[in-house]
Amino acid sequence: MVENKSKFHLEIVSPEGVIFQDQVQEAVIPAYDGEITVLPNHTPLLSRLKEGEIIIKYEKEELLIAITGGFLEINNNNVYISSDYAVKAKDIEIAKAQQAKKRAEELLREKAENVDLTLIEKDLQRSILELKVAEKIRKKQRIIQ
Numbered sequence: 288m289v290e291n292k293s294k295f296h297l298e299i300v301s302p303e304g305v306i307f308q309d310q311v312q313e314a315v316i317p318a319y320d321g322e323i324t325v326l327p328n329h330t331p332l333l334s335r336l337k338e339g340e341i342i343i344k345y346e347k348e349e350l351l352i353a354i355t356g357g358f359l360e361i362n363n364n365n366v367y368i369s370s371d372y373a374v375k376a377k378d379i380e381i382a383k384a385q386q387a388k389k390r391a392e393e394l395l396r397e398k399a400e401n402v403d404l405t406l407i408e409k410d411l412q413r414s415i416l417e418l419k420v421a422e423k424i425r426k427k428q429r430i431i432q
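Add 287 to a position in the sequence shown, counting from 1, and you land on the number used in the working numbering.
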């Protein structure tokens, strides 16, 4: 394999499988202590990730991926991200996310005894994140058009 010094390999995985895998020029990643901008030949690094969005620049395009935290490993022009939940912005179903948000808010208000409030809060946070990332994509598309 010919090494491309202007790109690095990025792989994002979740329990659902490989979410993204390609050669990219840049990635902005939500690390626990602040955003990390990764460029080719980045120094080796291990980091915990927080909930947020990954911004990937490749092939003259920009891709957004929502994650709910996880871990980052950078080594030898290879970047690996493992997250318990990750979704490409273009794959977010806005109506479904809005419905999940509404349902979680109702369950939290009711404080039902037979539900795990921690899981409901996580569902709410994930829905809010999905809606935020999807809205960013919609705004960018409106500007481009």
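The beta carbon of each residue, even a glycine, is placed where N, CA and C say it ideally should be. Predicted model, so just to flag it, every value in this text is computed and none were measured.
>> Please give the ranges of any alpha helix (DSSP H) in the region 372–408, keeping only runs that are unbroken, at least 4 residues long and fully inside the region.
In response: Segments of the alpha helix (DSSP H) lying fully in the region 372–408: 381–397.
> Per DSSP, A314 forms a beta bridge with which residues?
Replying inline: Sequence index remark: in the sequence shown, residue 314 carries index 27 (1-based). A314 pairs with V325, I343.
>> I'd like to know whether the C-beta atoms of A391 and D410 end up nearer to each other than 8 Å.
In response: The residue given as residue 391 occupies position 104 in the sequence shown. The residue given as residue 410 occupies position 123 in the sequence shown. A distance below 8 Å separates the beta carbons of A391 and D410.
> For the 8 Å Cβ check, are there 3 or more pairs between the region 359–372 and the region 380–387?
Replying inline: The way I'd put it, the region 359–372 doesn't touch the region 380–387; fewer than three beta-carbon pairs between them come closer than 8 Å.
> Which whole-angstrom value is the C-beta distance of I299 and F307, which I expect to be below 8 Å?
Replying inline: For this step, residue 299 is matched to residue 12 along the sequence shown. For this step, residue 307 is matched to residue 20 along the sequence shown. About 4 Å; that satisfies the 8 Å criterion.
>> Tell me which residues share the same chain as I379 and place their Cβ nearer than 6 Å to its Cβ, disregarding the 5 neighbours each side in the sequence.
In response: Walking along the sequence shown from the start, residue 379 turns up at place 92. In its chain, beyond the 5 residues on either side, E417, A421 have a beta carbon closer than 6 Å to the beta carbon of I379.
> What is the DSSP secondary structure of D410, reduced to helix, strand or coil?
Replying inline: Stepping through the sequence shown from its first residue, residue 410 is reached at position 123. DSSP places D410 within a helical segment (H, G or I) once states are collapsed to three.
>> So the candidates are Q312, N362, E397; which of them puts its Cα closest to the Cα of K347?
In response: Translated into the one-based positions of the sequence shown, residue 347 becomes position 60. Of the candidates Q312, N362, E397, the one whose C-alpha sits nearest the C-alpha of K347 is Q312.
> Hey, Q412 and E338 are a contact pair by Cβ (cut 8 Å); roughly how many whole angstroms apart?
Replying inline: As a first step, residue 412 must be located in the sequence shown, where it is residue number 125. As a first step, residue 338 must be located in the sequence shown, where it is residue number 51. Contact between Q412 and E338 is confirmed by a C-beta separation of about 6 Å, below the 8 Å threshold.
>> Please state the DSSP three-state secondary structure of K294.
In response: For the purposes of this step, residue 294 is taken as residue 7 along the sequence shown, with counting starting at 1. Three-state result, K294: coil.
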